[in-house]
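*Asks:* As they're listed, the protein sequences go chains A and B.
Once you know that position 187 of the first sequence is 187 in the UniProt record's numbering, the rest is easy, because the numbers rise by one and skip nothing.
Once you know that position 261 of the second sequence is 261 in the UniProt record's numbering, the rest is easy, because the numbers rise by one and skip nothing.
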Amino acid sequence: MIPAAFEYYRPKDMAGVLSILEEHGDDARVMAGGHSLIPMMKLRMADVPHLIDLQDVGGLSDIEISNDTISIGAMVTQHAIIDHDGLAEAAPILREASLQIADPQVRYMGTVGGNVANGDPGNDMPGLMQCLDATFTVVGADGERRIPAREFYEAAYMTARDDEEVLTSVTIPRPSGGYAYEKQKRKIGDYATAAAAVQIVKEGGSCASAAIAMTNLSDTPIYSQSAAAALVGSSVDDAAISAAIDAMLGDIDPTEDNRGPVAFKKHVAGVILRRAIERAWSRA
Amino acid sequence: MKDEVITREERVANLKGMGCSRKRVEDARFTQGKGNYVDDIKLDGMLFGDFVRSPYAHAKITNIDTAAALEVPGVLAVLTAKDLEPLGLHWMPTLAGDKQMVLADGKVLFQGQEVAFVVAEDRYAAADGIEAVEVEYEELEVLIDPFKSMQSDVVLREDTVDENGKPMDGAHGPRTHHNHIFTWEAGDKDPTFEVIDSAEVVAEETMYYHRTHPCPLETCGCVASMDKVNGKLTLWGTFQAPHAIRTVVSLISGIEEHNIRVISPDIGGGFGNKVGAYPGYVCSVVASIVTGKPVKWIEDRMDNLMTTAFARDYWMKGRISATKDGKITGLHCHVTADHGGFDACADPTKFPAGFMNICTGSYDIPTAYLEVDGVYTNKAPGGVSYRCSFRVTEAVYFIERMIEVLAIELNMDAAELRRINFIKKEQFPYTAALGWEYDSGDYHTAWDKALKAVDYEGLRAEQAQRIEDFKAGKTRSLMGIGLSFFTEIVGAGPVKNCDILGLGMFDSCEIRIHPTGSAIARLGTISQGQGHATTFAQILASEIGLPADSITIEEGDTDTAPYGLGTYGSRSTPVAGAATAMAGRKIRAKAQMIAAYLLEVHDDDVEFDVDRFVVKGAPERFKTMKEIAFAAYNQAIPGIEPGLEAVSYYDPPNMTYPFGAYVCVMDIDVDTGVTDIRRFYALDDCGTRINPMVIEGQVHGGLTEALAVALGQEIAYDEMGNVKTGTLMDFFLPTAWEVPNYETDHTVTPSPHHPIGAKGVGESPHVGGVPCFSNAVQDAFRAFGLRHTNMPHDHWRIWKTANELGLHG
Numbered sequence: 001m002i003p004a005a006f007e008y009y010r011p012k013d014m015a016g017v018l019s020i021l022e023e024h025g026d027d028a029r030v031m032a033g034g035h036s037l038i039p040m041m042k043l044r045m046a047d048v049p050h051l052i053d054l055q056d057v058g059g060l061s062d063i064e065i066s067n068d069t070i071s072i073g074a075m076v077t078q079h080a081i082i083d084h085d086g087l088a089e090a091a092p093i094l095r096e097a098s099l100q101i102a103d104p105q106v107r108y109m110g111t112v113g114g115n116v117a118n119g120d121p122g123n124d125m126p127g128l129m130q131c132l133d134a135t136f137t138v139v140g141a142d143g144e145r146r147i148p149a150r151e152f153y154e155a156a157y158m159t160a161r162d163d164e165e166v167l168t169s170v171t172i173p174r175p176s177g178g179y180a181y182e183k184q185k186r187k188i189g190d191y192a193t194a195a196a197a198v199q200i201v202k203e204g205g206s207c208a209s210a211a212i213a214m215t216n217l218s219d220t221p222i223y224s225q226s227a228a229a230a231l232v233g234s235s236v237d238d239a240a241i242s243a244a245i246d247a248m249l250g251d252i253d254p255t256e257d258n259r260g261p262v263a264f265k266k267h268v269a270g271v272i273l274r275r276a277i278e279r280a281w282s283r284a
Numbered sequence: 001m002k003d004e005v006i007t008r009e010e011r012v013a014n015l016k017g018m019g020c021s022r023k024r025v026e027d028a029r030f031t032q033g034k035g036n037y038v039d040d041i042k043l044d045g046m047l048f049g050d051f052v053r054s055p056y057a058h059a060k061i062t063n064i065d066t067a068a069a070l071e072v073p074g075v076l077a078v079l080t081a082k083d084l085e086p087l088g089l090h091w092m093p094t095l096a097g098d099k100q101m102v103l104a105d106g107k108v109l110f111q112g113q114e115v116a117f118v119v120a121e122d123r124y125a126a127a128d129g130i131e132a133v134e135v136e137y138e139e140l141e142v143l144i145d146p147f148k149s150m151q152s153d154v155v156l157r158e159d160t161v162d163e164n165g166k167p168m169d170g171a172h173g174p175r176t177h178h179n180h181i182f183t184w185e186a187g188d189k190d191p192t193f194e195v196i197d198s199a200e201v202v203a204e205e206t207m208y209y210h211r212t213h214p215c216p217l218e219t220c221g222c223v224a225s226m227d228k229v230n231g232k233l234t235l236w237g238t239f240q241a242p243h244a245i246r247t248v249v250s251l252i253s254g255i256e257e258h259n260i261r262v263i264s265p266d267i268g269g270g271f272g273n274k275v276g277a278y279p280g281y282v283c284s285v286v287a288s289i290v291t292g293k294p295v296k297w298i299e300d301r302m303d304n305l306m307t308t309a310f311a312r313d314y315w316m317k318g319r320i321s322a323t324k325d326g327k328i329t330g331l332h333c334h335v336t337a338d339h340g341g342f343d344a345c346a347d348p349t350k351f352p353a354g355f356m357n358i359c360t361g362s363y364d365i366p367t368a369y370l371e372v373d374g375v376y377t378n379k380a381p382g383g384v385s386y387r388c389s390f391r392v393t394e395a396v397y398f399i400e401r402m403i404e405v406l407a408i409e410l411n412m413d414a415a416e417l418r419r420i421n422f423i424k425k426e427q428f429p430y431t432a433a434l435g436w437e438y439d440s441g442d443y444h445t446a447w448d449k450a451l452k453a454v455d456y457e458g459l460r461a462e463q464a465q466r467i468e469d470f471k472a473g474k475t476r477s478l479m480g481i482g483l484s485f486f487t488e489i490v491g492a493g494p495v496k497n498c499d500i501l502g503l504g505m506f507d508s509c510e511i512r513i514h515p516t517g518s519a520i521a522r523l524g525t526i527s528q529g530q531g532h533a534t535t536f537a538q539i540l541a542s543e544i545g546l547p548a549d550s551i552t553i554e555e556g557d558t559d560t561a562p563y564g565l566g567t568y569g570s571r572s573t574p575v576a577g578a579a580t581a582m583a584g585r586k587i588r589a590k591a592q593m594i595a596a597y598l599l600e601v602h603d604d605d606v607e608f609d610v611d612r613f614v615v616k617g618a619p620e621r622f623k624t625m626k627e628i629a630f631a632a633y634n635q636a637i638p639g640i641e642p643g644l645e646a647v648s649y650y651d652p653p654n655m656t657y658p659f660g661a662y663v664c665v666m667d668i669d670v671d672t673g674v675t676d677i678r679r680f681y682a683l684d685d686c687g688t689r690i691n692p693m694v695i696e697g698q699v700h701g702g703l704t705e706a707l708a709v710a711l712g713q714e715i716a717y718d719e720m721g722n723v724k725t726g727t728l729m730d731f732f733l734p735t736a737w738e739v740p741n742y743e744t745d746h747t748v749t750p751s752p753h754h755p756i757g758a759k760g761v762g763e764s765p766h767v768g769g770v771p772c773f774s775n776a777v778q779d780a781f782r783a784f785g786l787r788h789t790n791m792p793h794d795h796w797r798i799w800k801t802a803n804e805l806g807l808h809g
């Protein structure tokens, strides 16, 4: 469990980061909290001759909340999200989800940026950000780009971010309505067997809008538009929820692992989504 | 004198002797990060060694090219089997009478097997060197299933067959197949079969006790330092049995035993994982001899889980017979034991399946027969007793499941079935059908106390209501009531039938009382977190009348400690604890003579009272142990040697038999397989209780490891022999979050043959806990037709059970 030798960089600004990335191309990687990258390097599954630590780069740890949007810097830790009262009020699903990620020690180091940028299908934040219709800002040699979370994930560890770009912040339209992040896992610190992020807006007893995303049930997070559509206009009764679950099951593509076989995962995904919808609706 | 104004009770309290919840003296250093573990040892010029390991479970090795590795900066040497062969060290003996490759000798038999040992200036260079070693493998057919292995033409171990390919006898008798290791039997086959075949009721079940791993927080490791000037080898390591390691090292290396010093420093948990001898130890010693420098080897977590000492992996087939009203008449158990590529089980030599023949449990079963077949497969070697005496967890799981299955067959309450079959108090000492003599017990009292404490009747009523509600669609949660009653067999053991590699399983204690009335005691055991420094001082405090706080306990250095067989199988208190008491009594006997001399009376005219000897009938005339200690060093007493020291080597007359009654109440989400342990009650009877707080801590720890094993912890392989659970992501190690609140309770039935009546407790909660958690899961589904389902009961397997019972609609 010892990585191959690597050069360690700790630039003070983004220009410094980008110049190292430009110089070394594929041989360089940026690191935020390090919880995904360092184990991969120790297992020698990731070969990173040039490791760029973002800790000293300024301006990446801010949380800004306006009337319409929430902006979270890439280096904001999960602990900081849990600890931020304004954020808990503006988008309570962020705290509910963050509390279900790993354990306090991991959350002190784990960051929003690292969690969403790595493209690990087990991570909780990508699905959450798809549910919230977040936009990721990435910066590269040619300047900034903004990529919707719902278009960011291509395959496991493959995203719309270029290797020489750095994800700097996440912007979320301020959510309204009820919310729930429901996750089944084997133990503290585990990735989800199945997890569901749900936001629902209720108007006059029926569902005005909804967003649903599922985690660790495909090689990318799954934003299930059809599941949400099944709820819109309904009173979120049993039939509507069942329809949403059926739609979601058509979108996911789980694989067997130590958490269980495909049939089990699909079943649990349905149960978890039902619970998430019911809780979100009760809060809407 | 100040002593005279304090009461007798105060004098007793000042000693902090037996029965006192004395705080653990070890915790000051452990809670401040000041422990001294093997990996904390740093010596001048120390090198670091690590292994090239096989990615394949079964392969021929056609070539090993070390040239590139030797070019890596900092790499000094790469050892292969060819380098060890001239020394006769490319294979080593195992504790089970088999032998094991130290480094791959032409082939590998399990994934992660040691292929080459890279020695470098630091662990980073060693890791780079490992990457640069080029090994050519030719893959062979992999045998993971022991039943298929016993049918296969593939010979796993060429050294077990003769030139005609015929299997040769093994250490425990004839082999029936080239991949067969031994057959071991206990009890009477024909009478048992007759009883079962003619019985009114017979229940049969096959169960798999899955492979798992002790997974101590500290992995295995060592530092070997060969001093070429004085010819002495010092070996620090994570050894649960340092003296045995010294003898083994001497036997296989040829270094005289007085030139070997083995030191076990602080150990971060063992649970059986650190009993055996591993290739890392041999390679470190050889590397130190070759380089003349100290060499350190430390496993990482994956090495530990994948290669050193698994536990369990028993396929158990049982038949139990009874009368119609539930009186058990006979028991038959057949085990197919998967031992992996080498038989490296850590058992007393005459017991290749450990004490599996305790599988009649706590019940008066007149006739029984056990047979165990050991089998080679392409898995890691081991077969250690993970927080239990030798294979006792398997035995107790087997009988406690068979009881439940029989209860289903009889349509009887499982608590009642146990009650009517328990060995009765007046039957002790009780000789079981498979040979053991149970020293003492009062099972009915313990069982009644446990059932009353949890309101068993009330729980059953609540469960019945839950089942009704479930059937009516009002809930998706089922309720399980897990019962277990266990009898452990610990304290190995009497030298007449217990030895390891010919070394009798006695243990020892040596005491020196210092002139000012404090003391040091050294033992042949070694704490791995059990708190020996706390509890053994308490035994002595009560025996010799000096405060526990004035007694240092030292273990683990073979140059200073008396010979002993180490700590595992709950043997420390039953064996070394007895030696401690006996050595203390020798001290007291001499102290009595000194006191009599000082008080100018006859020896028989003084008697021991807490912390002093008093003149019989004149309690105002006394000498404290502190005064006596000083006198031993400053008075010329006629006929008595100066000084106050004693040593005792204790050969126990019998094993001890702790027992207990556990109840678990669990809610199960039928749709997700998620379990919620609502209540866990544990009554333990470990005989005389030395430190109630330490006992409670041991019970909590053992129950937590039981929960782990029952609910998810496993070493799983795919068909190619790849380990699927090689990291803590997939290998379940519970945290505080997953662990319920435990309620502990006790009864006290002292061991009649142990000097202080103590029986040992560290492993009881694991032995009793695993079937209790498992029975809770199975009980939840009993009303829906479940008879038995195998552990581990993780979410998906519970879901599968519910699914197969049609509970998902």
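Just so it is clear, CB atoms sit at the ideal spot from N, CA and C, and this is done for glycine as well.
Please confirm whether Ala322 (chain B) and Gly383 (chain B) have their CB atoms less than 8 Å apart.
*Replies:* Taking the first residue of the second sequence as position 1, residue 322 (chain B) is located at position 322. Taking the first residue of the second sequence as position 1, residue 383 (chain B) is located at position 383. Cβ distance not < 8 Å, so Ala322 (chain B) and Gly383 (chain B) don't count as in contact.
*Asks:* Three or more beta-carbon pairs under 8 Å between the region 326–341 of chain B and the region 363–375 of chain B, yes or no?
*Replies:* Output reads yes: the region 363–375 of chain B touches the region 326–341 of chain B.
*Asks:* List, in order along the chain, the chain B residues whose C-beta lies closer than 8 Å to that of Asp190 (chain A)?
*Replies:* Walking along the first sequence from the start, residue 190 (chain A) turns up at place 190. Ordered by position in chain B, the residues that pass the 8 Å Cβ test against Asp190 (chain A) are Met729.
*Asks:* Which complete alpha helix (DSSP H) runs does the region 47–116 of chain A hold, if anything under 4 residues is left out?
*Replies:* You should have 78–83, 85–90, 92–98, 104–109.
*Asks:* Can you pull out the residues from the region 253–267 of chain A whose beta carbon lies closer than 9 Å to at least one beta carbon of chain B?
*Replies:* So the close ones are Asp257, Asn258, Arg259, Gly260, Pro261, Ala263, Phe264, Lys265, His267.
*Asks:* Just to confirm the assignment, what range does the beta strand (DSSP E) spanning Ser440 (chain B) have?
*Replies:* Stepping through the second sequence from its first residue, residue 440 (chain B) is reached at position 440. That residue, Ser440 (chain B), is in no beta strand (DSSP E); it is neither H nor E in DSSP.
*Asks:* If you pair each beta-carbon of the region 743–761 of chain B with each one of the region 167–184 of chain B, do three or more pairs fall below 8 Å?
*Replies:* Because the criterion of three Cβ pairs below 8 Å is not met, the region 743–761 of chain B and the region 167–184 of chain B do not touch.
*Asks:* Taking the alpha carbon of Val48 (chain A) as the point to measure from, which residue in A:Glu64, A:Ile20, A:Ile65 has its own alpha carbon closest?
*Replies:* Stepping through the first sequence from its first residue, residue 48 (chain A) is reached at position 48. The option with the nearest alpha carbon to Val48 (chain A) is A:Ile20.
*Asks:* Drop a sphere of 10 angstroms on the beta-carbon of His793 (chain B), count the other beta-carbons inside from all chains shown, and report buried for 16 or more, exposed for fewer.
*Replies:* Here residue 793 (chain B) is taken as the residue at index 793 of the second sequence, counted from 1. It is buried - the Cβ of His793 (chain B) has at least 16 other Cβ atoms within 10 Å.
*Asks:* Under 8 Å Cβ to Cβ from Ser282 (chain A), same chain only, skipping five residues before and after it: list those, please.
*Replies:* The residue you call residue 282 (chain A) lines up with position 282 of the first sequence. Gly178, listed in sequence order.
*Asks:* When you compare only the Cα positions, how much space is there between Ile101 (chain A) and Met14 (chain A)?
*Replies:* Stepping through the first sequence from its first residue, residue 101 (chain A) is reached at position 101. Stepping through the first sequence from its first residue, residue 14 (chain A) is reached at position 14. Looking at the two C-alpha atoms, the distance is approximately 28 Å.
*Asks:* Mapping DSSP to helix, strand and coil, what is Ser149 (chain B)?
*Replies:* In the second sequence, the residue the question calls residue 149 (chain B) occupies position 149. The answer is helix: DSSP assigns Ser149 (chain B) an H, G or I state.
*Asks:* Leaving out the 5 sequence neighbours to the left and right, which residues in its chain are closer than 8 Å to Val102 (chain B) when beta-carbon positions are compared?
*Replies:* Along the second sequence, one-based indexing puts residue 102 (chain B) at 102. Excluding residues within five positions, the ones whose Cβ falls inside 8 Å are Ala81, Leu84, Leu89, His90, Trp91, Met92, Glu114, Pro279, Val282, Cys283.
*Asks:* Please work out which residues of its chain come closer than 7 Å, Cβ to Cβ, to Lys16 (chain B), disregarding the five sequence neighbours upstream and downstream, and give them in chain order.
*Replies:* Within the second sequence, residue 16 (chain B) is the residue found at index 16, counting from 1. Closer than 7 Å at Cβ, skipping near neighbours: Arg22, Gln538, Ala541, Pro547, Ala548, Asp549.
*Asks:* Alpha carbon to alpha carbon, how far is Arg8 (chain B) from Val610 (chain B)?
*Replies:* In the second sequence, residue 8 (chain B) corresponds to position 8, counting from 1. In the second sequence, residue 610 (chain B) corresponds to position 610, counting from 1. Each residue's Cα considered, the two are about 8 Å apart.
*Asks:* Any C-beta of chain B sitting closer than 8 Å to the C-beta of Thr193 (chain A)?
*Replies:* The sequence position of residue 193 (chain A) within the first sequence is 193, counting from 1. Interface residue, yes.
*Asks:* When the Cα of Glu804 (chain B) is compared with those of B:Thr560, B:Gln713, B:Gly785, which residue comes out closest?
*Replies:* Position 804 of the second sequence, counting from 1, holds the residue named residue 804 (chain B). The option with the nearest alpha carbon to Glu804 (chain B) is B:Gly785.
*Asks:* Kindly indicate the opening and closing residues of the alpha helix (DSSP H) around Asp197 (chain B).
*Replies:* Reading the second sequence from its first residue, position 197 is the one you call residue 197 (chain B). Note, Asp197 (chain B): alpha helix (DSSP H), 189–197.
*Asks:* Looking at the unbroken alpha helix (DSSP H) that takes in Gln32 (chain B), where does it start and where does it end?
*Replies:* Here residue 32 (chain B) refers to the residue found at position 32 of the second sequence. Looking at the DSSP string, Gln32 (chain B) is not in any alpha helix (DSSP H), and its letter there is neither H nor E.
*Asks:* Is the CB-CB distance between Val119 (chain B) and Ala69 (chain B) below 8 Å?
*Replies:* Counting from 1 along the second sequence, the entry for residue 119 (chain B) is found at position 119. Counting from 1 along the second sequence, the entry for residue 69 (chain B) is found at position 69. No.
*Asks:* In the DSSP assignment, what are the bridge partners of Val155 (chain B)?
*Replies:* Here residue 155 (chain B) refers to the residue found at position 155 of the second sequence. Its beta-bridge partners do not exist; DSSP assigns none.
*Asks:* With 8 Å set as the bound, which would you pick, yes or no: does the beta-carbon of Ile57 (chain A) sit closer than that to a beta-carbon of chain B?
*Replies:* Walking along the first sequence from the start, residue 57 (chain A) turns up at place 57. The amino acid occupying residue 57 (chain A) in the given sequence is Val; Ile does not appear at that position. No, because no Cβ of chain B sits closer than 8 Å to the Cβ of Val57 (chain A).
*Asks:* What is the DSSP secondary structure of Asp27 (chain A), reduced to helix, strand or coil?
*Replies:* Translated into positions along the first sequence, residue 27 (chain A) becomes position 27. Asp27 (chain A): helix per DSSP, three-state reduction.
*Asks:* Show which residues of chain A have a CB atom less than 9 Å away from the CB atom of Thr725 (chain B).
*Replies:* Position 725 of the second sequence holds residue 725 (chain B). Neighbours of Thr725 (chain B) on chain A, chain order: Asn258.
*Asks:* From Leu434 (chain B) to Gly687 (chain B), what does the alpha carbon distance come to, in whole angstroms?
*Replies:* Counting from 1 along the second sequence, the entry for residue 434 (chain B) is found at position 434. Counting from 1 along the second sequence, the entry for residue 687 (chain B) is found at position 687. The straight-line gap from Cα to Cα measures roughly 24 Å.
*Asks:* Does Ala4 (chain A) come within less than 8 Å of chain B when only Cβ atoms are used?
*Replies:* Sequence index remark: in the first sequence, residue 4 (chain A) carries index 4 (1-based). Yes, Ala4 (chain A) counts as interfacial toward chain B.
*Asks:* Buried or exposed: where does Pro146 (chain B) fall if 16 or more other Cβ atoms within 10 Å of its Cβ makes it buried?
*Replies:* For the purposes of this step, residue 146 (chain B) is taken as residue 146 along the second sequence, with counting starting at 1. Burial call: buried.
*Asks:* Taking CB distances under 8 Å as the criterion, tell me whether His793 (chain B) reaches chain A.
*Replies:* Position 793 of the second sequence holds residue 793 (chain B). With 8 Å as the cut-off, His793 (chain B) does not count as an interface residue toward chain A.
*Asks:* Determine the chain B residues that contact Gln184 (chain A) at a beta-carbon separation under 8 Å, and present them in chain order.
*Replies:* Mapped onto the first sequence, residue 184 (chain A) falls at position 184. Going along chain B in sequence order, the residues near Gln184 (chain A) (Cβ under 8 Å) are Thr672, Val674, His795.
*Asks:* What is the DSSP secondary structure of Ser206 (chain A), reduced to helix, strand or coil?
*Replies:* The count along the first sequence starts at 1 and reaches residue 206 (chain A) at position 206. Of the three classes helix, strand and coil, the one that applies to Ser206 (chain A) here is strand, per DSSP.
*Asks:* Using beta carbons (cut-off 8 Å, strictly below), is Tyr124 (chain B) in contact with chain A?
*Replies:* Within the second sequence, numbered from 1, the residue matching residue 124 (chain B) stands at position 124. For Tyr124 (chain B), the answer is yes, since a Cβ of chain A falls inside 8 Å of its Cβ.
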